[in-house]
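**Q** Have a look at the structure that comes next, please.
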Amino acid sequence: MSAATLLTLPGEVQLRIFDKLDKATSACLGVTCKYFYPMYREFHGFVGLTCHTSLKIPNPAKKKRGLKGSKQPNFIVKKKYLHELLRGWIGGWDLQFHGQNLNKYITKRTWERLENERLRLENQRHGRNQAANRNPWRGL
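Residues 12 to 151 in this note's numbering are what the sequence shown spells out, letter by letter.
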């Protein structure tokens, strides 16, 4: 008998799993394969990259000290945004999250173009010379 996987579970169980997940973690499961994506969209619709979840993670301070009877909690709750959760999956790609106006991942080249345009417009507004505002570290 083969081991059960999420894909081999009955459809009712899969739907219950999606029902128990919040928007951000549901999106993470939804993008794992083309079979789960429609379920995720059915439950939560469009979820932006700035959507967040609260993750319960082991307390590193408790592990370091090894104090069993201490008042340190075993777990801490950490707020994580969807773009942070997805970052591990796209880590090999040359993408950065742009949260100012776009709220999406963009290439480094696009980010530099947008940043240069932003600086140019800012300089025009303040009447500054563009050369005076260039990054001296660029190209080193």
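Even for Gly, the Cβ is constructed at its ideal location relative to N, Cα and C.
What first and last residue would you give for the alpha helix (DSSP H) that runs through Thr121?
**A** Numbered from its first residue, the sequence shown carries residue 121 at position 110. Counting along the chain, the alpha helix (DSSP H) containing Thr121 begins and ends at Lys119 to His137.
**Q** Quick one, which of Lys90, Thr118 and Leu66 has its alpha-carbon nearest Ile101's?
**A** Along the sequence shown, one-based indexing puts residue 101 at 90. Checking every option, the nearest Cα to that of Ile101 belongs to Thr118.
**Q** Counting along the chain, where does the beta strand (DSSP E) carrying Leu66 start and finish?
**A** Working through the sequence shown from its first residue, we reach residue 66 at position 55. Here the beta strand (DSSP E) through Leu66 covers His63 to Pro69.
**Q** Express the C-alpha separation of Leu132 and Gly22 in angstroms, rounding to a whole number.
**A** Numbered from 1 along the sequence shown, position 11 holds the residue referred to as residue 22. Numbered from 1 along the sequence shown, position 121 holds the residue referred to as residue 132. Cα-Cα distance, rounded: 53 Å.
**Q** Less than 8 Å between C-beta atoms, sequence neighbours within five positions excluded: which residues of the same chain meet that for Arg98?
**A** The residue you call residue 98 lines up with position 87 of the sequence shown. The residues are Phe108.
**Q** Which residue's Cα is closest to the Cα of Lys89: Leu106, Arg27 and Pro69?
**A** Looking up residue 89 in the sequence shown gives position 78. When each option's Cα is compared against that of Lys89, the closest is Pro69.
**Q** Ignore the nearest five residues each way along the sequence and tell me which others in Phe54's own chain have a CB closer than 7 Å to its CB.
**A** The count along the sequence shown starts at 1 and reaches residue 54 at position 43. Around Phe54: Phe29, Asp30 and Ser37.
**Q** For Gln107, list the residues DSSP reports as bridge partners.
**A** Within the sequence shown, numbered from 1, the residue matching residue 107 stands at position 96. The partner list for Gln107 (beta bridge, DSSP) reads Ile117.
**Q** For Leu113, count neighbouring Cβ atoms within 10 angstroms of its own Cβ and tell me buried if that reaches 16, exposed if not.
**A** By 1-based counting over the sequence shown, the position of residue 113 is 102. Exposed, since its Cβ has fewer than 16 Cβ neighbours within 10 Å.
**Q** Run through DSSP, which three-state label would Val88 get?
**A** Locating residue 88 in the sequence shown gives position 77, where the first residue counts as 1. Three-state result, Val88: strand.
**Q** On the three-state DSSP scale, how would you describe Tyr46?
**A** The residue you call residue 46 lines up with position 35 of the sequence shown. DSSP places Tyr46 in coil when its eight states are reduced to three.
**Q** For Leu60, count neighbouring C-beta atoms within 10 Å of its own C-beta (all shown protein chains included) and say buried if the count is 16 or more, exposed if not.
**A** By 1-based counting over the sequence shown, the position of residue 60 is 49. Buried, since its Cβ has 16 or more Cβ neighbours within 10 Å.
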